[in-house]
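Novice: Sharing a structure, written as C-alpha cells. Questions coming.
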Amino acid sequence: MSMHTAVVLENRPLMPGVFLLKLEAPKLARTGRPGQFALVRCAEEGSWDPLLRRPLALHRLIRQAGQVELLVRVVGRGTAWLAVRRPGERLDLLGPLGQGFSLKRNTRNLLLVAGGMGIAPLVALAEEGLRRGCAVVLALGARSREDLYPTALLPPQVELHLATEDGTAGRTGPVTILLADPELGLLPWADQVMACGPRPMLEEVAAVVRAGRMHLPAGFAQVSLEEHMACGVGACLGCVVPTRKGYRRVCRDGPVFDLREVEFRP
Numbered sequence: 054m055s056m057h058t059a060v061v062l063e064n065r066p067l068m069p070g071v072f073l074l075k076l077e078a079p080k081l082a083r084t085g086r087p088g089q090f091a092l093v094r095c096a097e098e099g100s101w102d103p104l105l106r107r108p109l110a111l112h113r114l115i116r117q118a119g120q121v122e123l124l125v126r127v128v129g130r131g132t133a134w135l136a137v138r139r140p141g142e143r144l145d146l147l148g149p150l151g152q153g154f155s156l157k158r159n160t161r162n163l164l165l166v167a168g169g170m171g172i173a174p175l176v177a178l179a180e181e182g183l184r185r186g187c188a189v190v191l192a193l194g195a196r197s198r199e200d201l202y203p204t205a206l207l208p209p210q211v212e213l214h215l216a217t218e219d220g221t222a223g224r225t226g227p228v229t230i231l232l233a234d235p236e237l238g239l240l241p242w243a244d245q246v247m248a249c250g251p252r253p254m255l256e257e258v259a260a261v262v263r264a265g266r267m268h269l270p271a272g273f274a275q276v277s278l279e280e281h282m283a284c285g286v287g288a289c290l291g292c293v294v295p296t297r298k299g300y301r302r303v304c305r306d307g308p309v310f311d312l313r314e315v316e317f318r319p
C-alpha cells in the first residue's frame with residue numbers, strides 16, 4: 054500500500070451516471086492486481102470535505118504505459134466531484150488495497166460474471182486471463198441496454214453473453230439465467246468462476262454454482278463483494294460481512310472471497 058499522486062489523462066462518460074477515469078499512476082499500475090482497489094481523496098487541496106476517501110476498483114491496469122483506469126458511478130458528493138476532474142489535474146490515491154482475484158496456474162477456461170457496476174474489477178481480470186493464455190467468457194448483465202458496459206471496450210478475444218432485465222439486449226432476465234442455461238454450458242466449461250455485482254445477484258450466482266457443480270474446490274468460484282467502507286484499511290470494522298470463518302472485513306480480508314466462505318444472510 055502506497056500513496057500516489059495521479060494525473061488525470063482522460064475523463065469521459067460511458068453510461069448514464071457512470072464515467073471512466075484514466076490516470077497516470079505508474080507505481081499503482083505496476084503493483085495493483087485485478088480485484089484490488091484504491092482509496093481516492095475527493096476534495097480540493099487543503100480541504101477534507103468530504104472527509105472519507107472513496108474506494109474504487111482497479112478497472113484496468115495498463116502496466117507498460119504506467120496507467121490505471123477507474124470506473125466510477127456518481128452516487129454522492131465525492132463521486133460527483135470526481136466526475137468533473139479535467140485532464141492535467143492531480144488526484145491523491147492510496148493503494149493498492151485488499152485481496153484480489155487468484156487465478157490458478159492450470160486454469161485454461163475462465164468464466165466472469167458481472168452485474169451492472171460489477172464489471173468494474175473484471176475487465177482487468179479478463180486482460181490478465183488472456184495474458185496467461187486463458188479462454189475468457191464474460192456473462193454481462195444490466196437493467197437495460199443503456200446501462201450495459203460498452204462492449205467495444207472489452208478485449209476482442211473475450212466471448213460475450215448478455216442479459217438485461219427488460220430484454221432490450223441479450224437474454225431477458227438477470228445475468229444468472231446465462232449460468233443456469235444447459236445449452237450454453239458455461240459452468241461445466243469453466244475451470245474458475247469469478248463474479249462481481251449486487252449482493253442479491255451474488256447470492257443467486259452462489260445458488261446456481263452450488264447446484265451445477267458436485268464439488269467446489271478451493272478457489273474455483275470467487276466473488277468480489279460490494280460494501281460501504283469508511284477507513285478502507287481494516288481499522289473501523291465498518292464493512293464486516295459474515296463468513297464461515299466469522300465476521301471478516303471486506304476492505305482488508307476481501308473484497309474478493311472464496312464463494313464457499315461467504316454466508317449470504319438477509
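Numbering (our numbering), first residue to last: 54 to 319. The beta-carbon is built from N, C-alpha and C at its ideal position, and this holds for glycine as well. Keep in mind it's a predicted model, so treat the numbers as computed, not measured.
Going by C-alpha to C-alpha distance, which of ALA195, VAL293, ARG224, VAL189 sits closest to TRP242?
Specialist: Along the sequence shown, read from residue 1 onward, the residue named residue 242 stands at position 189. Among ALA195, VAL293, ARG224, VAL189, the Cα nearest to that of TRP242 belongs to VAL189.
Novice: Decide if the stretch 280-291 is in contact with the stretch 254-264; the criterion is three or more beta carbon pairs, one per stretch, under 8 Å apart.
Specialist: no
Novice: Cβ of ALA216 within 9 Å of Cβ of PRO203?
Specialist: Mapped onto the sequence shown, residue 216 falls at position 163. Mapped onto the sequence shown, residue 203 falls at position 150. No, they are not a contact pair.
Novice: Helix or strand or just coil, what does DSSP make of ARG302?
Specialist: The count along the sequence shown starts at 1 and reaches residue 302 at position 249. Three-state DSSP puts ARG302 in a strand.
Novice: Ordered along the chain, which non-local residues of its own chain (more than five positions away) have a Cβ less than 8 Å from that of LEU207?
Specialist: In the sequence shown, counting from the first residue as 1, residue 207 sits at position 154. Cβ within range, chain order: VAL176, ALA179, LEU191, LEU213.
Novice: Could you pull the start and end residues of the beta strand (DSSP E) that VAL309 belongs to?
Specialist: Walking along the sequence shown from the start, residue 309 turns up at place 256. Note, VAL309: beta strand (DSSP E), 309-311.
Novice: Cα-Cα, which of SER197, GLY194, LEU201, LEU183 is closest to GLN210?
Specialist: Counting from one through the sequence shown, the residue named residue 210 turns up at place 157. Here the closest residue by C-alpha is LEU183.
Novice: Just the Cα atoms here: how many angstroms apart are CYS95 and VAL60?
Specialist: The sequence position of residue 95 within the sequence shown is 42, counting from 1. The sequence position of residue 60 within the sequence shown is 7, counting from 1. Taking the CA atoms as reference points, CYS95 sits about 14 Å from VAL60.
Novice: Express the C-alpha separation of LEU73 and LEU109 in angstroms, rounding to a whole number.
Specialist: The sequence position of residue 109 within the sequence shown is 56, counting from 1. The sequence position of residue 73 within the sequence shown is 20, counting from 1. So the two alpha carbons sit approximately 11 Å from each other.
Novice: Roughly how many angstroms separate the alpha carbons of ALA248 and VAL166, rounded to a whole number?
Specialist: As a position in the sequence shown, residue 248 is number 195, starting the count at 1. As a position in the sequence shown, residue 166 is number 113, starting the count at 1. Going by the C-alpha atoms only, they are around 5 Å apart.
Novice: Since LEU124 sits in a beta bridge, which residues does DSSP pair it with?
Specialist: For the purposes of this step, residue 124 is identified with residue 71 of the sequence shown, where counting begins at 1. BP columns for LEU124 point to LEU73.
Novice: Sort out for me which residues DSSP pairs ASP145 with in a bridge.
Specialist: Sequence index remark: in the sequence shown, residue 145 carries index 92 (1-based). THR58.
Novice: Strictly under 9 Å for the Cβ-Cβ distance: is GLU98 near chain D by that measure?
Specialist: Among the protein chains of the structure shown there is no chain D, as only one such chain exists.
Novice: In the DSSP assignment, find the unbroken alpha helix (DSSP H) run with GLY153 in it and report its ends.
Specialist: Walking along the sequence shown from the start, residue 153 turns up at place 100. Looking at the DSSP string, GLY153 is not in any alpha helix (DSSP H), and its letter there is neither H nor E.
Novice: Do you know how far the Cα of GLU236 is from the Cα of THR160?
Specialist: Position 107 of the sequence shown, counted from the start, is the residue given in the question as residue 160. Position 183 of the sequence shown, counted from the start, is the residue given in the question as residue 236. If I take the Cα positions, the gap works out to 22 Å.
Novice: With distances taken Cα to Cα, identify the nearest neighbour of PRO140 among GLU63, ARG113, GLU316, ARG263.
Specialist: By one-based count along the sequence shown, residue 140 stands at place 87. Closest by alpha carbon: GLU63.
Novice: When the Cβ atoms of the stretch 70-89 are set against those of the stretch 116-129, are three or more pairs found closer than 8 Å?
Specialist: Cβ pair count under 8 Å is three or more, so yes.
Novice: Where TYR300 and VAL315 are concerned, what is the direct C-alpha to C-alpha distance, given to the nearest angstrom?
Specialist: Within the sequence shown, the letter at position 247 stands for residue 300. Within the sequence shown, the letter at position 262 stands for residue 315. Approximately 10 Å between the Cα atoms of the pair.
Novice: Buried or exposed, going by whether 16 or more other CB atoms sit within 10 Å of the CB of THR225?
Specialist: The residue you call residue 225 lines up with position 172 of the sequence shown. In this structure THR225 is exposed. Its beta-carbon is surrounded by fewer than 16 other beta-carbon atoms within 10 angstroms.
Novice: Using the Cβ count rule (16 or more neighbours within 10 Å means buried), how would you classify ALA82?
Specialist: The residue you call residue 82 lines up with position 29 of the sequence shown. So ALA82 counts as buried.
Novice: Which partner residues of ASN159 appear in the DSSP bridge assignment?
Specialist: Sequence index remark: in the sequence shown, residue 159 carries index 106 (1-based). Its beta-bridge partners do not exist; DSSP assigns none.
Novice: Between GLY250 and GLU142, what straight-line distance do the alpha-carbon atoms span, to the nearest angstrom?
Specialist: The sequence position of residue 250 within the sequence shown is 197, counting from 1. The sequence position of residue 142 within the sequence shown is 89, counting from 1. Those two C-alpha atoms are separated by around 30 Å.
Novice: Suppose you measure from the CA of GLN245 to the CA of ASP102; what does that come to, to the nearest Å?
Specialist: Here residue 245 is taken as the residue at index 192 of the sequence shown, counted from 1. Here residue 102 is taken as the residue at index 49 of the sequence shown, counted from 1. If I take the Cα positions, the gap works out to 42 Å.
Novice: Can you say whether LEU278 is buried or exposed, counting buried as having 16 or more other CB atoms within 10 angstroms of its CB?
Specialist: Along the sequence shown, one-based indexing puts residue 278 at 225. Result: buried.
Novice: Given a cut-off of 9 Å on the beta-carbon distance, is the pair ALA133 and GLY168 in contact?
Specialist: As a working mapping, residue 133 is identified with position 80 in the sequence shown. As a working mapping, residue 168 is identified with position 115 in the sequence shown. Remark: C-beta atoms of ALA133 and GLY168 do not approach each other more closely than 9 Å.
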